[in-house]
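Residue numbers (our numbering), protein chains in the order written: chain W, 2 to 593; chain L, 167 to 400. Reviewing the structure listed below.
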Amino acid sequence: MVDIRAGAGDMINPAEVEDVELYHPHSWWTKYVFSQDAKVIAIQYASTAIAIGVVAMVLSWLMRLQLGFPGSFSFIDPEHYYQFITMHGMIMVIYLLTALFLGGFGNYLIPLMVGARDMVFPYANMLSYWLYLLAVLVLVAGFFAPGGPTGAGWTLYPPQVLLSGTPGGRDWGIILMLSSLILFIVGFTMGGLNYVVTVLQGRTRGMTLMRMPLTVWGIFTATVMALLAFPALFVACVMLLFDRLLGTSFFMPAIVEMGEQLKPGGGSPILFQHLFWFFGHPEVYIVALPAFGIVSDLISTHARKNIFGYRMMVWAILIIGALSFVVWAHHMYVSGMNPNFGFFFATTTLIIAVPTAIKVYNWILTLWRGDIHLTLPMLFALAFIVTFVNGGLTGLFLGNVVVDVPLSDTMFVVAHFHMVMGVAPLLVIFGAIHHWYPKVTGRMLDETIGKIHFWVTFLGTYAIFFPMHYLGLVGVPRRYYELGETVFIPPSVHTLNEFITVAALIVGAAQVLFLFSLVWSLFRGRPAGGNPWRATTLEWQTPQTPPAHGNWGRDLPIVYRWPYDYSVPGAPEDFIPQNQPSLEPPMHGAVA
Amino acid sequence: MIAILVFMAVLAVIISWWAAQQRLTSKPWLETGHIGDLPPRQGSPVAAAKVGLGIFLAVVGALFALLISAYLTRMEGADWWAIPIPRLLWVNTAVLAGGSLALQRAKTEVRRGHIEATRLFLLMGLTAGVLFLGGQIVAWRQLVAAGYVVADNPSNSFFYMITGLHGLHILGGLAALGRTTSRAFSGVRRERLSLSVDLCAVYWHFMLAVWLVLFALLTGWANQFAGLCRALIT
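Written as C-alpha cells, this is what we have:
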C-alpha cells in the first residue's frame, strides 16, 4: 500500500511501489514528534536512552561516593544506596543498552543498510518508541513515589524484593518497576518485529543475506533473541506483580516477618531465578551481538581491509545466539542446584567461548597488515577488543562452578560483567556514534574533544574496574553498603576504593564532555559530505546527507557486491560501494 | 523449564530449516554482479505482514510455553490443590473452535470473491470471539462465587492468570478482527481484504491451539504427559 496523497507516488519508482508502505507526514507533529520515519524514531530512541543513561551514571557516582568515602555523605543511607544500585543496573542493561542498540542503531541502520525506504510496519514502530518512553517515565516515577524506587537489586529476587525490609518492597517502588518492564517489553516487541521483518522482507534487489553488513547480522540476530527471551521477563514480572498486588504465592515462600506469618506461602523463589535468567543470559548477547556486528564494520572500514572470515563471522553470530539460550543457570550456581545441572551449564558456557574467540581472532586478522587509520571509531574499536577479551577471560573463571561459588558474591563478578557487558558495548556505542554521526547530522564530531573523551574513558574504566578483580579475590563482598571493620579486609582495600571512586568521578565527567560535543558539533562541526569515511555500505550512498524521508530518492539502490570491498587490487579507489557493479562483462562460462 | 526448552527446540528446527535455504555457505566476496544485471527481488514472496504475524506467534508461543513451564514447576509444591474446572469451559472451547471454523470459511469465501458470505462469516467469527470472552468471565465469576479466589491456592492463581493472559490475546485479536470486518463492509480492495482475513484466521487457529493446550493443562490431562517427560529426563 502507498500513501494515497496525490503526487506522493511520483517520488518512488513505480516498479517498486507495490512493496513499499511509506507514510508521508503532513504536519510538523507527524514529521518530528509522532513520526513514522525510522530515522526520526531512531534519534528519539537514542536521545531518550542517553538521557536515562545519564541518570544511571549519576547514580553510579553516588554509589561510588559511599563506597570510597563511607559515612562522609549523610544523604546516602543504606536504603538509598540499594535503590541506587538497583536503578543503576536496570537502567543501564535494559533502558540504555538494549534500547540504544536495537531501538537506536537498529532503527537508523537497518533500513539504510539493506536498501529499504523504511521499516515494514512504520506505525507499530512509532508505537514502540512511545511505549518505551512511557516505560522510562514510569521507571523514573519510582524516584518520586512514596518510599522511593525498589532497592531489591536489578535481579529483583523474591522473596526479599517484596518484603518490608527492602526499599519499595511494600510501597510503590516495585510496582512501578514491574509495570515499567512490562511496558518496555510490549513496546520492544512491536519494534523488534519491525527489525526482523525488515531484514527478511525489506531488502533491496541484490542484497542477499550474505551481502548484509555484519552490523545488520548482529542487530538482526540479537532482535530475534530478544523477541524470544523477553517473554521470560514478562512472565516473571506479571507473576511477581500478582504476588505483590493480589497476595498470590507464585514465588513467595512461607515467611515469618517481624514475628508474623505472612499470608502467602509455599512459593518457589528458584522458579523466579529460572525465569529471570532465561531472559537474563540471552540479554547479555542481545547487547553483545550488535556490538560485535558494529565493531566488525568499524574495523574493516577504518583499516581499509575486507573483514577476515565473513562467513565464519555470520555463523559465529548465529551459533552464539543459539547457545546463549542453554546457559542461563550459570547465574544460579549458588542456588543449590543439582551438581549434574552445574556440570551441564558449565560445559555449554565454556563452549560459547569458541565462536566468541573466532570473532576476536577474525578482528585481529582483519587488522593484520591493514591500512589502519587511527580515527576515533577505530580507537574505540581497538579499545573494545582489548576490553572484551579482558572481560571474556574472567568469564571463563566464573563459568566454572568450583571457581564461581567462592567468587559469586564478591566484587570479582562486578568487575567481570562491567568489563564485558558494560564498558565493552559502551565503547562500541561511542565508536559507532563517531562513525555514523556524520550521516545522521551531516557534520563531523569534534576530533579534539573526541580524543580527550576516548583516552579518559578507556584508561579511566580500567582504573575503575581492573582493581575490582583484586578486591574480589581478597574477598570484598559486592552489594555491601559499607565494609566496616572486617578482619579479612586489609587497609589497601579502603585506599583502592577511594582511588576507584576518584576515577569514576573523572570518567563520568568525560561523558559530560562527550554529550557537550554531541550538541556543539551539531552546529559547529566540520561539514562531513556524503561519505567521509569512504565506506562501501549502502547508508553512505544516499543521495542526500542526512538521508531524506524515503532514503533513496526515486530509485532504490541495486546491490552488486558484498560490503567489504576495500583495497581491491586494480580498483581506482580503495573502496567500491555495494551498489557499484563490476564494469567488466561477465566471462564466458564463468560461474557468477 | 521443560516446556519452554521443547518449544525452543522446535523453533530451532524451524530456524535451521529456514537457514539451510539461505545459501549461508556462499562466498559473497567472489560473487560480484555485472553491469546490466538486474538481481532478483529479495525475501520470500509471502507478504511482510504474514511473516510478521508468524514471528509474533512465535513470541506468543514462547510466552505461553514459559507459563506452562512455571505451572509445571510450581505444581510440585506441597500447597497445590487443583482447582475444579467449570463445565462452562467446555462450551467456551466449542465457541472458540466455532470462531476458528468461521474464519477459515471466511478465508475461502474471500478468495472466491463472495463478499456477502465473507461478511457473514467474519461477523460469526467476531461474535464467537466476544461470546468466548464473555463465557470466560462468567466462568471466573462462578469460581469466585464458589469461593475459589485468586490468592487462595497457586492452582487458582495460575488459572486466573493463564486464562486472563489468553483472554487478553483474544481481545487483541478481536480488535484486529473488528477492523477487518469493518473493512469488509467498507469495500476495500479484495487482495487487501484477503490478506487481513488470512491473518485473522491464522491468529485464531493459533490461539485455539494454545487454548487447547492450556485447557488440557488446567484440567490435569497434561499432568500425565508431563510426568512421562519428567521420567524420561531423569
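The C-beta atom is built at its ideal place from N, Cα and C for all residues, glycine as well.
When the Cα of residue i is compared with those of the options, which residue comes out closest?
i, options, result
"Q202/W", "A214/L, H200/L, I170/L", "A214/L"
"L140/W", "Q45/W, G473/W, A50/W, W521/W", "A50/W"
"F85/W", "F102/W, G152/W, E585/W", "G152/W"
"L68/W", "T546/W, A572/W, L506/W", "L506/W"
"Q308/L", "I249/L, T284/L, T274/L, L286/L", "I249/L"
"G322/W", "I176/W, L228/W, G268/W, W437/W", "L228/W"
"Y133/W", "A146/W, D556/W, L101/W, V335/W", "L101/W"
"G451/W", "M412/W, Q512/W, F489/W, L474/W", "Q512/W"
"V236/W", "F273/W, A136/W, G473/W", "F273/W"
"I501/W", "L516/W, F467/W, P528/W, W534/W", "F467/W"
"G104/W", "R118/W, S129/W, M93/W, V56/W", "S129/W"
"F252/W", "I328/L, A228/L, R240/L", "R240/L"
"V212/L", "P194/L, V304/L, D364/L, L255/L", "D364/L"
"A376/W", "H435/W, P254/W, F231/W", "Here residue 376/W turns out to be Thr, not Ala, going by the sequence shown. Comparing Cα positions, the closest option is H435/W."
"L340/L", "I221/L, P252/L, L269/L", "L269/L"
"A504/W", "W173/W, T458/W, A57/W, P544/W", "T458/W"
"G209/L", "L229/L, Q188/L, H280/L, A175/L", "Q188/L"
What does the Cβ neighbour count give for residue i, buried or exposed, with the cut at 16 atoms within 10 Å?
i, result
"W183/L", "exposed"
"M646/W", "Here chain W comprises residues numbered 2 to 593, so residue 646/W is not present and cannot be evaluated."
"T546/W", "buried"
"K360/W", "buried"
"P426/W", "buried"
"F351/L", "exposed"
"Y567/W", "buried"
"I365/W", "exposed"
"E282/L", "exposed"
"I44/W", "buried"
"P578/W", "buried"
"K193/L", "exposed"
"Q581/W", "buried"
"T449/W", "exposed"
"V41/W", "buried"
"H332/L", "buried"
"V402/W", "buried"
"I175/W", "buried"
Can you give me the C-alpha to C-alpha distance between residue i and residue j, rounded to a whole angstrom?
i, j, result
"R171/W", "M88/W", "17 Å"
"V226/L", "M114/W", "29 Å"
"I453/W", "A382/W", "16 Å"
"P123/W", "F144/W", "33 Å"
"K32/W", "D38/W", "8 Å"
"A231/L", "P320/L", "18 Å"
"F70/W", "I490/W", "16 Å"
"L299/W", "V121/W", "27 Å"
"G353/L", "T190/W", "32 Å"
"Y96/W", "G281/W", "14 Å"
"T347/L", "L288/L", "6 Å"
"N391/W", "M420/W", "7 Å"
"A433/W", "L255/L", "54 Å"
"G265/L", "W387/L", "24 Å"
"P206/L", "A223/W", "27 Å"
"G266/W", "P254/W", "4 Å"
"L334/L", "H470/W", "47 Å"
Cβ of residue i within 7 Å of any heavy atom in the ligand MN?
i, result
"P578/W", "As for the ligand MN, it is missing from this structure, which has no ligand bound."
Please compile the residues from chain C whose C-beta is within a distance smaller than 9 Å of the C-beta of residue i.
i, result
"F235/W", "This model lacks chain C altogether; the protein chains it does include are W and L."
Extract the residue ranges of the alpha helix (DSSP H) inside the segment 111-146 of chain W, only unbroken runs of 4 or more that lie entirely within it. 123-145
In the segment 175-253 of chain W, which residue ranges form an unbroken alpha helix (DSSP H) of at least 4 residues, counting only runs that do not cross its ends? 215-246
Given 8 Å, three or more beta-carbon pairs between the segment 243-256 of chain W and the segment 336-348 of chain W: no
Using 8 Å as the cut-off, can you tell me whether the segment 482-492 of chain W makes contact with the segment 67-83 of chain W, which would need three or more C-beta pairs spanning the two stretches below that distance? Using a Cβ-Cβ distance cut-off of 8 Å, the segment 482-492 of chain W and the segment 67-83 of chain W are in contact, since at least three pairs of beta carbons, one from each stretch, lie closer than that value.
Considering only residues of the segment 478-560 of chain W, which uninterrupted alpha helix (DSSP H) runs meet the minimum length of 4 residues and lie entirely inside it, listed in chain order? 492-525
Taking only runs of the alpha helix (DSSP H) that begin and end inside the segment 216-245 of chain L, which ones reach a length of at least 4 residues, in chain order? none
Three-pair Cβ contact test at 8 Å for the segment 288-297 of chain W versus the segment 171-190 of chain W: No, they do not touch.
Three or more beta-carbon pairs under 8 Å between the segment 261-280 of chain L and the segment 226-237 of chain L, yes or no? No: fewer than three Cβ pairs fall under 8 Å.
I want to know whether the segment 561-579 of chain W touches the segment 516-524 of chain W - three or more CB-CB distances under 8 Å. no
Beta strand (DSSP E) runs contained entirely in the segment 370-412 of chain W, provided each spans 3 or more residues: none
Taking one C-beta from the segment 300-315 of chain W and one from the segment 262-272 of chain W each time, how about it: are there three or more such pairs within less than 8 Å? no
Quick check on the DSSP output: what are the complete beta strand (DSSP E) runs of length 3 or more inside the segment 260-343 of chain L, in order along the chain? none
Any chance the segment 285-296 of chain L sits against the segment 377-395 of chain L, with 3 or more Cβ pairs inside 8 Å? With a cut-off of 8 Å, the segment 377-395 of chain L and the segment 285-296 of chain L do not count as touching, because too few Cβ pairs lie within range.
Assess contact between the segment 147-163 of chain W and the segment 208-222 of chain W, defined as three or more Cβ pairs (one per stretch) separated by less than 8 Å. Is contact present? With a cut-off of 8 Å, the segment 208-222 of chain W and the segment 147-163 of chain W do not count as touching, because too few Cβ pairs lie within range.
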